[in-house]
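Student: Protein chains in written order, with the working numbering: chain A, -1 to 145; chain B, 3 to 388.
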Amino acid sequence: MVKDLAEKHGRTRESLMPILQDIVKKHNYLTDDAMVAVATELDISAAEVYGTASFYSFLDTEERGKNVIRVCKTITCSMKGKNDIIATLEDILKIRVGETTPDKMFTLLETNCTGWCHKAPAMLINDMPYTDLTQESVIEIIKGYMH
Amino acid sequence: MKRKGLNKVDLIFETIEPKEVLEKAFSMTSEEIIQQVLESGLKGRGGAGFPTGLKWKYTAAEKDPEKYVVCNADEGEPGTFKDREILDRVAYKVYGGMAIAAKAMGAKKGFIYLRGEYRFLLPQLYLQLHKFHKMIADIGYDFSIEYRMGSGAYICGEESALFESIEGFRGEPRNKPPYPTTSGLFSKPTSINNVETLVTAMMIIARGPQEYVKLGTKDSRGSKVFSVSGDTPVPGIFELELGMTVQEFVNEFGDGDTKAVQVGGASGFCVPRKKFADTIIGFEGVPTGGSMKLFNSSRSMYNVLHNYLDFFAEESCGQCTPCRVGCQQLLKGIEQVKKGESKSTYLNELVKLADTMKVASKCGLGQSVGNAFKSIVENFREEIIY
Chain A
-1 MVKDLAEKHG RTRESLMPIL QDIVKKHNYL TDDAMVAVAT ELDISAAEVY GTASFYSFLD
59 TEERGKNVIR VCKTITCSMK GKNDIIATLE DILKIRVGET TPDKMFTLLE TNCTGWCHKA
119 PAMLINDMPY TDLTQESVIE IIKGYMH
Chain B
3 MKRKGLNKVD LIFETIEPKE VLEKAFSMTS EEIIQQVLES GLKGRGGAGF PTGLKWKYTA
63 AEKDPEKYVV CNADEGEPGT FKDREILDRV AYKVYGGMAI AAKAMGAKKG FIYLRGEYRF
123 LLPQLYLQLH KFHKMIADIG YDFSIEYRMG SGAYICGEES ALFESIEGFR GEPRNKPPYP
183 TTSGLFSKPT SINNVETLVT AMMIIARGPQ EYVKLGTKDS RGSKVFSVSG DTPVPGIFEL
243 ELGMTVQEFV NEFGDGDTKA VQVGGASGFC VPRKKFADTI IGFEGVPTGG SMKLFNSSRS
303 MYNVLHNYLD FFAEESCGQC TPCRVGCQQL LKGIEQVKKG ESKSTYLNEL VKLADTMKVA
363 SKCGLGQSVG NAFKSIVENF REEIIY
């Protein structure tokens, strides 16, 4: 797959981010093997690939579930009940923030401002934003991702 | 001086015929475009407020045949969400503004760096981009735009960090000078502008600078899109004429119990109630990239400051010591004072640290942590201590 992505985005240094982003989109996170394969394709050291990836919070280098939930923790979301949303998510998923469910379906994380302060609290599931969250709506949203 | 008051404006989201405006722009010389933008007095809408016309002029003056127009859509400042709304509703005006900038400085290629949090917008943005490229080809002008995505790093909104990220590196800011107008993306002359700035520039060309200077004040020309959130009955996006006071803003958007307004996000300034009437929102008072957060008296300003410092400690790129260590120490410091582990006078030491960060940090992130820190500690000292 890494080879295909290198064909698609090119093999120069500026192709690195798009390649890593596509791998994460498909496989949720970057394995060591994937990073080594990217390094080989781009003819740079694996340390360069890891060094770049580890800088960006959305380019995870630790195992992540199929659905990565990122709850905004910045001030407005925090004021408007972020903690209740986290508590509900921890309760239904039976994991803590930072953990992945044993079936690898969900990872629960917190993130910084997602740009939905006027509709706080907000969260992202993969790329999709969900806003004006309530403890009830969060349960419904998660149910939609359970298959 | 006559006060402007609060006036709603509709310039950014107004529907226009892009082809007409672009044909008009392409029939002008580079100098004429730059002159009109200079006359309009437009300053960058991302927060830093550098005169847009000057940025274009400096880039145009560079001899290198390869130049870039970059649109900074890495809107990460807490409390700002206007750029998402602009891209969502009038992306064609962002593309149009980039084409006008390209014509002004002689660039053939543009990049939009969009924050990863807004990736869900991409399908519709590409659809509009496709239409734009077709229109540009119809007019017979050579310019194209590509998207590059961010991956959740606030610091990549800093222009040189953004270039590093597009080039495939860690988003660590570069030393300045050289400035982007001489050596920016791929070390080529680059004009990097905020989403709203580009749309405004297009409207200036469409309507003429004489119309635009009727809005705003001498130091803050025109109107601005504000992102309003926090303790307000009407959170959302509002385009307002510049020159109003915080008091006038609060009269419109407050919930009747507003004790402070954070103007300009986590890196901006906290204005307490007693200063509402004397503080103008704009470059003569408190500048803002659009973030306006209202806090009522039920909120603890300690929690607000703690949240900001936690944000900065996480988002500092870690490259320079004043910012990396400074953010962590400020955070630890207020925790110690709150718990009574340090005396309240320790806050004075922390203020000195914030001042040091302002002069010693490499980029705008570390340099502006002190804005929120000092304005909150000075105005709400008792809330930080007790």
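Ideal Cβ placement from N, Cα and C applies to all residues, glycine included.
1. Relative to the C-alpha of Ser1/B, which residue among Ile36/B, Gln330/B, Val71/B, Ser363/B is closest?
2. Name, please, each residue of chain B whose Cβ falls closer than 9 Å to the Cβ of Pro127/A.
3. Cutting at 8 Å between CB atoms, please list the residues of its own chain near Val236/B, excluding the five before and the five after it.
4. With respect to the alpha helix (DSSP H) encompassing Glu49/A, which residues constitute its N-terminal and C-terminal limits?
5. What would DSSP say about Tyr214/B, mapped onto helix, strand or coil?
6. Relative to the C-alpha of Thr98/A, which candidate in Cys111/A, Thr112/A, Arg68/A, Pro127/A has its C-alpha closest?
7. In this structure, what does DSSP give as the bridge partners for Thr105/A?
8. Given a cut-off of 8 Å, decide if Pro274/B and Phe113/B are closer than it, judged by their beta-carbon atoms.
9. Spell out the partners DSSP gives Met121/A in its beta bridges.
10. Looking at C-alpha atoms only, which residue of Gln133/A, His116/A, Gly142/A is the closest neighbour of Leu87/A?
11. Would you please state the rounded distance, in angstroms, between the beta carbons of Gln264/B and Gly81/B? I believe it to be under 8 Å.
12. Give a yes or no on whether the minimum CB-CB distance between Asn110/A and chain B is below 8 Å.
13. Nearest chain A C-beta to Met303/B closer than 8 Å, yes or no?
14. Grouping DSSP H, G and I as helix and E and B as strand, with all else coil, what is Asn205/B?
15. Would you say the beta carbon of Gly270/B is closer than 7 Å to some non-hydrogen atom of the ligand ATP?
16. Secondary structure at Phe278/B, three-state DSSP: helix, strand or coil?
17. Might you give, ordered along the chain, the residues of its own chain that have their beta carbon closer than 6 Å to the beta carbon of Lys226/B, omitting 5 neighbours on each side?
18. Would a check of beta-carbon distances place Arg9/A closer than 8 Å to chain B?
19. Just to confirm, are Glu12/A and Lys71/A a CB contact at a threshold of 8 Å?
20. How long is the line joining the alpha carbons of Leu200/B and Asp12/B, rounded to whole angstroms?
21. Counting pairs of Cβ atoms below 8 Å between the segment 35 to 43 of chain B and the segment 196 to 210 of chain B, do you hit three or more?
22. State yes or no: is the beta carbon of Gly49/A nearer than 8 Å to at least one beta carbon in chain B?
23. Taking DSSP as the reference, what is the three-state secondary structure of Lys23/A?
24. Examine chain A for any beta-carbon lying closer than 8 Å to the beta-carbon of Glu169/B, and answer yes or no.
25. Where does Phe251/B land, buried or exposed, given buried means 16+ other C-beta within 10 angstroms?
26. Would Ala118/A pass as an interface residue toward chain B - the criterion being a Cβ-Cβ separation below 8 Å?
27. Does DSSP put Pro53/B in a helix, a strand or coil?
28. Apart from the five residues on each side of it in sequence, which residues of its chain come closer than 6 Å, Cβ to Cβ, to Tyr48/A?
Tutor: Taking the definition as stated:
1. In the structure as shown, chain B begins at 3 and stops at 388. Residue 1/B is therefore absent and cannot be evaluated.
2. The count along the first sequence starts at 1 and reaches residue 127/A at position 129. Simply Glu119, Tyr120, Phe122.
3. Walking along the second sequence from the start, residue 236/B turns up at place 234. Hits under 8 Å: Val230, Phe255.
4. On the first sequence, residue 49/A is found 51 positions in, with the first residue counted as 1. According to the sequence displayed, residue 49/A carries Gly and not Glu. Taken as a continuous stretch (DSSP letters only), the alpha helix (DSSP H) holding Gly49/A covers 44 to 51.
5. To locate residue 214/B, count along the second sequence from 1; it is residue 212. DSSP places Tyr214/B in helix when its eight states are reduced to three.
6. Here residue 98/A corresponds to residue number 100 of the first sequence, with the count starting at 1. When only C-alpha atoms are compared, the closest one is Arg68/A.
7. Residue mapping note: residue 105/A aligns to position 107 of the first sequence, counting from 1. Paired residue(s): Val66/A, Thr98/A.
8. One-based indexing of the second sequence puts residue 113/B at position 111. One-based indexing of the second sequence puts residue 274/B at position 272. Contact flag unset, no.
9. The sequence position of residue 121/A within the first sequence is 123, counting from 1. Per DSSP, Val69/A, Tyr128/A.
10. To locate residue 87/A, count along the first sequence from 1; it is residue 89. Scanning Gln133/A, His116/A, Gly142/A for the CA closest to the CA of Leu87/A turns up Gln133/A.
11. The residue you call residue 264/B lines up with position 262 of the second sequence. The residue you call residue 81/B lines up with position 79 of the second sequence. That belief holds up - the Cβ atoms of Gln264/B and Gly81/B are roughly 7 Å apart, short of 8 Å.
12. Indexing the first sequence from 1 puts residue 110/A at position 112. Closer than 8 Å: yes.
13. The residue labelled residue 303/B in the question sits at position 301 within the second sequence. It does not; no Cβ of chain A falls within 8 Å.
14. Here residue 205/B is taken as the residue at index 203 of the second sequence, counted from 1. Looking at the sequence provided, one finds Met at residue 205/B rather than Asn. Met205/B falls in the helix class under three-state DSSP.
15. By its list of ligands, the structure shown contains no ligand whatsoever, and the ligand ATP lies outside what it can speak to.
16. Residue 278/B sits at position 276 when you count from the first residue of the second sequence. The answer is coil: DSSP assigns Phe278/B none of H, G, I, E or B.
17. Reading the second sequence from its first residue, position 224 is the one you call residue 226/B. If we look at Lys226/B and ignore the five residues flanking it on each side, its Cβ neighbours are Leu244.
18. Position 11 of the first sequence, counted from the first residue, corresponds to residue 9/A. Not one chain B Cβ lies under 8 Å of Arg9/A.
19. Here residue 12/A corresponds to residue number 14 of the first sequence, with the count starting at 1. Here residue 71/A corresponds to residue number 73 of the first sequence, with the count starting at 1. Contact flag unset, no.
20. Along the second sequence, read from residue 1 onward, the residue named residue 200/B stands at position 198. Along the second sequence, read from residue 1 onward, the residue named residue 12/B stands at position 10. Between Leu200/B and Asp12/B, the C-alpha separation is close to 16 Å.
21. yes
22. Stepping through the first sequence from its first residue, residue 49/A is reached at position 51. At least one C-beta of chain B is nearer than 8 Å to the C-beta of Gly49/A.
23. To locate residue 23/A, count along the first sequence from 1; it is residue 25. It is helical.
24. By one-based count along the second sequence, residue 169/B stands at place 167. It does; some Cβ of chain A falls within 8 Å.
25. On the second sequence, residue 251/B is found 249 positions in, with the first residue counted as 1. When all chains shown are included, Phe251/B counts as buried.
26. Your numbering for residue 118/A matches position 120 in the first sequence. By this cut-off, Ala118/A is an interface position.
27. The sequence position of residue 53/B within the second sequence is 51, counting from 1. Three-state DSSP puts Pro53/B in a strand.
28. Numbered from 1 along the first sequence, position 50 holds the residue referred to as residue 48/A. Met33.
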